[in-house]
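Note sheet for the following structure.
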DNA sequence: AAGACTTACAACCGCCCCGCG
DNA sequence: TCGCGGGGCGGTTGTAAGTCT
């Protein structure tokens, strides 16, 4: 049986106080993000290490953007969710200054409802009401002017990494509201190469905004 | 004015992955 | 090679704030 990450009876739970926040910020500014397990004691916090990490990552990091999501951010979330599913950390990775928790909350509270109101199933981007056409072969032409059909063929780019969601790759939705769901994804940018053993390994690093191009 | 209901989001929980000894 | 432990992730819950009746 695995040990719990901390002695629960000796830790605070619930909302963080300003003093706790300040202690955490001070400690990380001095020592950096190190071992979360030992951080609480070192920083003088009666918190679980995981709780400290979460507080820092989701709320206290200086580079975080606070406030409402812009329209282009929302668009990007919808597109990325279509490609990646509930992989919030991956989605957040493409939204500078946003966290996985924030994106997840935003999806659950705003986007999901918005899509449902438009008659779209947020889980698979299919129309809930009607007009769902399934084809086996579709061409990539015909995207001039307003978007009235969406191809999920792009999911194939992610088949190996993401699995099941890509199974919808041949579904076509017609008569969608103008959501601008162009799911084009740019090929990964090769940022560096590593030599491991005798083989050369390419480390692909995605440009966070490339999906918009 | 107050209670009920809804919304938004911070925080927690438990599982999984991966590095390390 | 294997088991352990830390960190990360996604799902869920708790609760404060806002809105409705």
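Numbering (UniProt numbering), first residue to last: 1 to 213. Cβ coordinates follow ideal geometry from the N, Cα and C atoms, glycine included.
Proximity of residue i and residue j at Cβ, strictly below 8 Å
i          : j           : result
residue 27 : residue 39  : yes
residue 24 : residue 43  : yes
residue 78 : residue 103 : no
residue 49 : residue 37  : yes
residue 65 : residue 97  : yes
Three-way DSSP call (helix, strand, coil) for residue i in this model
i           : result
residue 179 : Legend: pLDDT at residue 179 = 43, less than 50; position of this residue unreliable, value from coordinates given subsequently. Coil, per DSSP.
residue 132 : Since pLDDT at residue 132 reaches only 36, below the 50 mark, its modelled position is unreliable, and the value read off the structure follows with that caveat. If DSSP states are grouped into helix, strand and coil, residue 132 belongs with the strands.
Residues near residue i by beta carbon distance below 7 Å, same chain, minus five either side
i           : result
residue 16  : 55
residue 18  : none
residue 74  : 111
residue 109 : none
residue 63  : 97
Residues near residue i in its chain [Cβ-Cβ closer than 6 Å; skip 5 each side]
i           : result
residue 100 : 88, 89, 92
residue 69  : 106
residue 215 : The requested residue 215 does not occur in the structure, where the chain is confined to residues 1 to 213.
residue 58  : 99, 101
residue 12  : 46, 47
residue 53  : 36
Inset, instruction - Jot down the residue ranges of each uninterrupted alpha helix (DSSP H) in the UniProt domain "HTH myb-type" (61–115), minimum 4 residues, whole runs only, in chain order. - result: 71–84, 88–93, 100–106
Inset, instruction - Please go through the region 11–46 and give each complete beta strand (DSSP E) segment of 3 or more residues, from N-terminal end onward. - result: none
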